[in-house]
Amino acid sequence: MGADGFEELRSVLSQTKLTALAKDQKVVTLKDSVTVEDALRILAHHRILSAPVLRATPPGSEVASAAGGVPDASSPIVGFVDIRDILSSFLKGSVMFVNGAGPALGLARFKARSCLRPGG
């Protein structure tokens, strides 16, 4: 890519709003009460790698919007979960277990919260 191509690309990136990229896309959100297993299942079902996590307000409501939707003021964003973070956290616990730390310090140490990146 020559200098002209780079400048053209930079111009497009600096002028394109995120709304143009997200047009006609549904936002999948997860409640913080969902299990890690269900979170992985939901992410896989929607073929996405990550999703915002909302504070669970009504009991029993694990998914804010399985079909899509936008978080509202009644469900604040508490973080962001990513498949890589989940697998990394799980693998760290597995290695501790295999290395003799025992379930109390190994797999049992795996917590969903360790996979959650704080949100704004």
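Just so you know, we're using my numbering here: the sequence shown kicks off at 749 and counts up by one.
Virtual Cβ for every residue (Gly too), placed ideally from N, Cα, C.
LEU802 to VAL782, Cα distance in whole Å? Rounded to whole angstroms, the separation of the alpha carbons of VAL782 and LEU802 is 10 Å.
Report yes if the C-beta distance between LYS779 and ALA799 is below 8 Å; otherwise report no. No Cβ-Cβ contact shorter than 8 Å links LYS779 with ALA799.
Provide the residue span of the alpha helix (DSSP H) that contains VAL760, from first to last. VAL760 -> alpha helix (DSSP H) spans 751 to 763.
Rounded separation between LEU797 and ARG789 - CA only: Here the C-alpha atom of LEU797 lies approximately 11 Å from the C-alpha atom of ARG789.
In the DSSP assignment, find the alpha helix (DSSP H) that holds VAL784 and state where it starts and stops. That run of the alpha helix (DSSP H) goes 784 to 793.
Label THR777 either buried or exposed according to how many other C-beta atoms from any shown protein chain fall within 10 Å of its C-beta, with 16 as the threshold for buried. By the neighbour-count criterion, in which 16 or more other beta carbons inside 10 Å mark a residue as buried, THR777 falls on the buried side.
Is the distance from the Cβ of VAL775 to the Cβ of ILE834 below 8 Å? Inclusion of VAL775 and ILE834 in the CB contact set at 8 Å is not warranted, their separation being larger than that value.
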